[in-house]
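Residue numbers for the sequence shown, in full-length UniProt numbering: 1 to 400. By construction, the Cβ of each residue, glycine as well, lies at the ideal position given by its N, Cα and C atoms. Predicted model only: the values in this text are computed from it and were never measured. Heads up: the structure comes next, in structure tokens.
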Amino acid sequence: MGCVTAELPHVPVNAGNQPLRQPFDSKERSGYMERITQSQLMRLFTIFLFSSPVIFLIAPMTEIGGFQAWIGLVVSYAQGLLVAYFSIKLGRIEPTVQWFKFGGRIVGKWIHVPIVLMISLFSIYLSSIALRRYIDFFASIYMPDTPTWVLGIVIAICAALAVRSGLEAIARFAGSVFFLTILFGILVPFFVGKELQTDMAVAFVSHYDFKQIMLTSVYAFPWCGEMFFVLILVANVKEPRKTMRSMLIAALLSMMFIIMTWLFCMMLFGPKLTGHLTYPVLEMLRFIRIGDFLENVDPLLVSWWTLCMLVKVSLFLYTGTLGISYLLNMRDYRPLSFSLSIFMTGLAMGIASNYGELEEFLKSLPWTVIIYTLELLLPVVYLIVYRLRGRKLSPEQQNK
Numbered sequence: 001m002g003c004v005t006a007e008l009p010h011v012p013v014n015a016g017n018q019p020l021r022q023p024f025d026s027k028e029r030s031g032y033m034e035r036i037t038q039s040q041l042m043r044l045f046t047i048f049l050f051s052s053p054v055i056f057l058i059a060p061m062t063e064i065g066g067f068q069a070w071i072g073l074v075v076s077y078a079q080g081l082l083v084a085y086f087s088i089k090l091g092r093i094e095p096t097v098q099w100f101k102f103g104g105r106i107v108g109k110w111i112h113v114p115i116v117l118m119i120s121l122f123s124i125y126l127s128s129i130a131l132r133r134y135i136d137f138f139a140s141i142y143m144p145d146t147p148t149w150v151l152g153i154v155i156a157i158c159a160a161l162a163v164r165s166g167l168e169a170i171a172r173f174a175g176s177v178f179f180l181t182i183l184f185g186i187l188v189p190f191f192v193g194k195e196l197q198t199d200m201a202v203a204f205v206s207h208y209d210f211k212q213i214m215l216t217s218v219y220a221f222p223w224c225g226e227m228f229f230v231l232i233l234v235a236n237v238k239e240p241r242k243t244m245r246s247m248l249i250a251a252l253l254s255m256m257f258i259i260m261t262w263l264f265c266m267m268l269f270g271p272k273l274t275g276h277l278t279y280p281v282l283e284m285l286r287f288i289r290i291g292d293f294l295e296n297v298d299p300l301l302v303s304w305w306t307l308c309m310l311v312k313v314s315l316f317l318y319t320g321t322l323g324i325s326y327l328l329n330m331r332d333y334r335p336l337s338f339s340l341s342i343f344m345t346g347l348a349m350g351i352a353s354n355y356g357e358l359e360e361f362l363k364s365l366p367w368t369v370i371i372y373t374l375e376l377l378l379p380v381v382y383l384i385v386y387r388l389r390g391r392k393l394s395p396e397q398q399n400k
């Protein structure tokens, strides 16, 4: 009589230094996870980081920092890179799983879920701020007779379609805009260079005021601190060990583009006029003349900037949609894209009665505290708790 033996299932042995935890199943690991390359991430965050500041940061940073505003911006970007470092380190704890899913195993589900809700709403709130700034700019300059809600709906529909198409589509679109940015970055200095007061250049390295530099860096941090959102995208990026390098390149490129634009405005208008103009970059673009056949190129460049802002709004909306879909236990985030874009538009319309009121709020101390808490302290707290609970990175995770 033959003897039938049953093969016992293999039970993994704890290696001692590896955390005892249930692994994520293959569906949870893949799900609706789009993958982008490191070069796509770099181009995406380059556009994401400079699109708003290049228009809206120039005047206030000049008003606060004067000739040394560029130093404050460098300090702010250094803080932003610190945010990116901690965010990437946190995201690489489970490099193939989004932070929304594994964060509860670090601080506990009852703490993590409210934080995910807060970050998701914060992301949508930032998208509404970016949308409102764009609407106020475009309506006041080019379409004063058009209702602002019409412009808001148009951009919201485009952003919702981008989110529904996925992260890879947003990254590819940002890549196309990136090459346009490089082209304009080369051409604009060529056309405005003859108008610059170059004898003013010595003032940029001879005026130093520590207080003004620090105030400028604090004011600019909300823009630079947006590198925090790489935390949500770490799981979507190939070769996650190279993510910090990509973020460093993106930060340097965006910072150089902003500083270059600021320098041109300063050497065209001087610090006082630059600080008091609402949109000094727009006034700078009106100095550009290409022969006799194209005497006003600012609509062309504003069209390019519109594409940049669409990337920013779409990425904010994308991260917020991911968080809400996790909280609702949805396998696919796409059905939420249009409903949350409507919510974003309504929030943008009601966030402030006018542009001045919005900017005053964004300069306030409470807003600064919120930004530093969510974008800088939050990943640090997660990492501290992770270490205190003894959940050190496994060797194979460290090599990724």
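With respect to the C-alpha of Thr278, the residue from Leu44, Leu57 and Met309 having the closest C-alpha is Leu57. With fewer than 16 other CB atoms across the displayed protein chains lying within 10 angstroms of its CB, Asn354 is exposed. Scanning the segment 291-331 from its first residue to its last, the whole alpha helix (DSSP H) runs of 4-plus residues come out as 298-327. Pro222 and Gly80 have their C-alpha atoms roughly 9 Å apart. Beta-bridge annotation (DSSP): Val154 is not paired with any residue.
Annotated as distal: Tyr142 and Met255, with beta-carbon spacing of 9 Å or more. Rounded to the nearest whole angstrom, the C-alpha separation of Ile182 and Arg43 is 11 Å.
Taking the Cα positions, Leu231 is about 15 Å away from Tyr326.
Its chain contains Leu374 as the residues whose beta carbon lies nearer than 7 Å to that of Phe122, once the 5 sequence neighbours on both sides are disregarded; these appear in chain order. Of Val381, Asp145, Ile135 and Glu168, the smallest CA-CA separation from Val154 is found for Ile135.
Put simply, the segment 162-173 touches the segment 41-55. At least three CB pairs are less than 8 Å apart.
Within the segment 32-63, the runs of alpha helix (DSSP H) that reach at least 4 residues and sit entirely inside it are, in chain order, 38-50 and 53-56. Cβ-Cβ separation between Tyr125 and Leu347: approximately 7 Å, consistent with a contact (criterion under 8 Å).
Contact check for Phe264 and Val192: beta-carbon distance about 6 Å, within the 8 Å limit, so the pair qualifies. Among the bridge pairs identified by DSSP, Val202 is matched with none.
About 7 Å separates the beta carbons of Gln38 and Val237, which is inside the 8 Å limit, making them a contact pair.
Boundaries of the alpha helix (DSSP H) around Met255: Thr243 to His276. In terms of Cα proximity to Phe287, the closest of Gly275, Leu301 and Arg389 is Leu301.
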